[in-house]
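Taking it in order: structure first as structure tokens, then the write-up.
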Amino acid sequence: MSERLHGFRQNGRTVAVALPFDLAQVLADWGRVRSAMTRELPAGFRRDEWAYLVQFLDPGALSGVFHATFGEPVRESADAEALFRPRGPVAVWLPNNVSLLGPLALVLLGLTGNELLLKGGSRGDDLAGAFLDFVRRRLPAESVLARYLERSVRYEVFERDDPRNAEFARRARVRVVFGSDATAAAVEALPHPPGSLSCAFVDRRSEAWVEAAAADERMLETLLRVFAIYGQAGCTSPRRVVLLGGSAEEARALRDRMLALWPRAVHGDPPQHLASASIAARQWAAALGWDAVLVPRHAAVLATGAGALEEIDAPFVLPVVARSLAEAEAELPANVQTVGHALADPRAPRWLELVARTRIQRFVPLARMHHFGPAWDGAEFWRQSFERVEVGA
10 MSERLHGFRQ NGRTVAVALP FDLAQVLADW GRVRSAMTRE LPAGFRRDEW AYLVQFLDPG
70 ALSGVFHATF GEPVRESADA EALFRPRGPV AVWLPNNVSL LGPLALVLLG LTGNELLLKG
130 GSRGDDLAGA FLDFVRRRLP AESVLARYLE RSVRYEVFER DDPRNAEFAR RARVRVVFGS
190 DATAAAVEAL PHPPGSLSCA FVDRRSEAWV EAAAADERML ETLLRVFAIY GQAGCTSPRR
250 VVLLGGSAEE ARALRDRMLA LWPRAVHGDP PQHLASASIA ARQWAAALGW DAVLVPRHAA
310 VLATGAGALE EIDAPFVLPV VARSLAEAEA ELPANVQTVG HALADPRAPR WLELVARTRI
370 QRFVPLARMH HFGPAWDGAE FWRQSFERVE VGA
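Numbering-wise (this note's numbering), the sequence shown opens with residue 10 and increments by one.
Below you can see the structure in the form of structure tokens.
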């Protein structure tokens with residue numbers, strides 16, 4: 010087997026995947042980066058963000074992307090029925106509000122071996138640029154990953170009206186857009202190659218659904234950590250916590266338990282502007298009828314209330330409400346993405362039936378709400394970065 014041809018077998022069929030590098034060496038290089046990450050926290054990253062990246066770079070998780078897509082690895086692929094090769098340049102427009110998505114997209118799409126054109130958000134924290142600099146400093150120049158990054162990855166930050174947007178679209182065989190509906194429409198309107206593909210991941214909302222029988226301290230700490238990473242900014246962050254089958258009093262008790270657990274679950278002080286925003290948000294929530302309290306260090310607001318109260322538009326407010334399952338389903342937003350759950354029996358048939366009749370794109374345990382993978386919002390964008398060629402003897 011060539012170091013650039015990798016064989017996989019699934020359901021009795023063998024396929025070959027062509028890459029511009031030896032996958033094992035690239036995974037080893039990412040492992041070297043991961044080891045360095047455990048000893049250093051670069052400026053600009055919060056500890057929870059850096060810890061998530063370290064977990065994301067687990068070698069088994071990275072190789073698992075290939076296994077889940079193509080099957081188990083095999084030494085020979087002489088009997089391959091298909092060849093998958095990089096489709097061509099992949100251009101990615103990153104959002105302003107979820108800066109961690111930049112490093113995640115860089116790692117995941119970099120495994121395809123395609124040339125990458127990455128546009129960073131012009132009004133967000135430049136974590137992708139900081140991470141790319143960190144990786145380049147920690148790798149020997151002659152390493153396989155370093156050579157790939159130098160030769161095939163272009164990362165720039167520019168405004169929406171910059172002519173480089175048109176350049177990226179004109180060159181890309183695959184366009185991946187994370188952002189608003191308007192951003193996706195603007196990118197799609199740019200001239201692009203005939204037959205090129207587009208994946209747009211636009212405004213989405215997520216919720217956390219909890220049953221009282223599953224609401225132990227470990228689960229609640231997980232929920233708080235998940236929320237604390239992005240607050241209301243991320244499409245995978247819970248906009249609210251729904252206590253299924255509970256009462257308003259039980260929802261308030263759950264909120265109070267979360268308040269008591271916050272110092273143990275979430276560490277560090279928030280930026281001053283976010284702390285100030287939380288103080289104002291608590292006052293606004295109270296004016297709207299919510300029972301709202303500030304967590305320690307003014308890092309967030311936890312609110313609860315009965316009935317249908319107006320939403321609080323603030324970066325770190327987490328409402329906790331009680332709803333029947335029928336009510337929770339009826340109140341799902343039209344642009345629902347993820348429902349993170351803590352359920353007594355998550356494998357009960359009713360949950361799969363619920364997903365089948367709704368627009369839910371991801372129905373996953375709370376700890377996996379932010380897990381970024383090769384399929385997103387129902388689109389296998391990572392797989393689409395390869396083109397399939399039929400082959401046979």
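Even for Gly, the Cβ is constructed at its ideal location relative to N, Cα and C.
Span separating the alpha-carbon of residue i from that of residue j
{"i": "L352", "j": "L341", "result": "18 Å"}
{"i": "P98", "j": "V42", "result": "25 Å"}
{"i": "D88", "j": "A37", "result": "28 Å"}
{"i": "P383", "j": "L199", "result": "25 Å"}
{"i": "A100", "j": "R261", "result": "46 Å"}
{"i": "F236", "j": "G401", "result": "50 Å"}
{"i": "L14", "j": "P95", "result": "12 Å"}
{"i": "A269", "j": "D142", "result": "39 Å"}
{"i": "P328", "j": "A60", "result": "26 Å"}
{"i": "M267", "j": "A175", "result": "47 Å"}
{"i": "L467", "j": "P112", "result": "Not covered by the structure: residue 467. The range shown for the chain is 10 to 402."}
{"i": "D212", "j": "N344", "result": "7 Å"}
{"i": "S189", "j": "E85", "result": "44 Å"}
{"i": "F325", "j": "P358", "result": "34 Å"}
{"i": "A195", "j": "H201", "result": "12 Å"}
{"i": "V153", "j": "P68", "result": "16 Å"}
{"i": "A232", "j": "L66", "result": "Rather than Ala, the amino acid found at residue 232 in this sequence is Leu. Whole-angstrom Cα-Cα distance: 22 Å."}
Bridge-paired residues (DSSP) for residue i
{"i": "R94", "result": "E396"}
{"i": "E15", "result": "Per the sequence shown, the amino acid found at residue 15 is His instead of Glu. In DSSP, H15 forms a bridge with V26."}
{"i": "F427", "result": "Since the first residue shown for the chain is 10 and the last is 402, residue 427 is missing from the structure and cannot be characterised."}
{"i": "S72", "result": "Answer by DSSP bridge pairing: none, since S72 is not bridged."}
{"i": "S207", "result": "R184"}
{"i": "V35", "result": "Bridge partners of V35: none, in fact."}
{"i": "R332", "result": "L253"}
{"i": "W102", "result": "K128 and V186"}
{"i": "R214", "result": "V345"}
{"i": "D82", "result": "It is Pro, not Asp, that sits at residue 82 in the sequence shown. DSSP output for P82 lists F17 as bridge partner(s)."}
{"i": "L327", "result": "L311"}
{"i": "E220", "result": "L253"}
{"i": "A388", "result": "W385"}
{"i": "V166", "result": "G129"}
{"i": "P172", "result": "None; P172 has no bridge partner."}
{"i": "L303", "result": "V310"}
Buried versus exposed call for residue i [16 or more other C-beta atoms within 10 Å across all chains shown]
{"i": "V26", "result": "buried"}
{"i": "E58", "result": "buried"}
{"i": "Q241", "result": "buried"}
{"i": "A337", "result": "buried"}
{"i": "V24", "result": "buried"}
{"i": "D134", "result": "buried"}
{"i": "S108", "result": "buried"}
{"i": "A331", "result": "buried"}
{"i": "E124", "result": "buried"}
{"i": "G298", "result": "exposed"}
{"i": "W391", "result": "buried"}
{"i": "T47", "result": "exposed"}
Own chain, CB closer than 6 Å to residue i, minus 5 neighbours either side, in chain order
{"i": "T347", "result": "S215, T245, R371 and M378"}
{"i": "R180", "result": "P98"}
{"i": "R306", "result": "D278"}
{"i": "R147", "result": "V42 and A45"}
{"i": "A114", "result": "V101"}
{"i": "A121", "result": "Note that residue 121 is Thr in the sequence shown, not Ala. Cβ within range, chain order: P95 and S394."}
{"i": "L32", "result": "H15"}
Residues near residue i in its chain [Cβ-Cβ closer than 7 Å; skip 5 each side]
{"i": "E168", "result": "S131"}
{"i": "F187", "result": "W102, L103, P104, L110 and F210"}
{"i": "D300", "result": "R261, A312, T313 and G314"}
{"i": "Q281", "result": "none"}
Residues of its chain near residue i, where Cβ-Cβ distance is below 8 Å and the 5 sequence neighbours each way are ignored
{"i": "R234", "result": "D57, A274 and V275"}
{"i": "A178", "result": "A100, R184, V196, L199, P200 and H201"}
Within-8 Å CB hit, residue i to chain D
{"i": "L148", "result": "No chain D is part of this structure, which consists of one protein chain only."}
key: Those runs of the alpha helix (DSSP H) which lie wholly inside the segment 275-301 and span at least 4 residues   = 281-296
Minimum length 4: unbroken alpha helix (DSSP H) runs contained in the segment 118-164 = As far as the segment 118-164 is concerned, its whole alpha helix (DSSP H) runs of at least 4 residues are 136-147 and 153-161.
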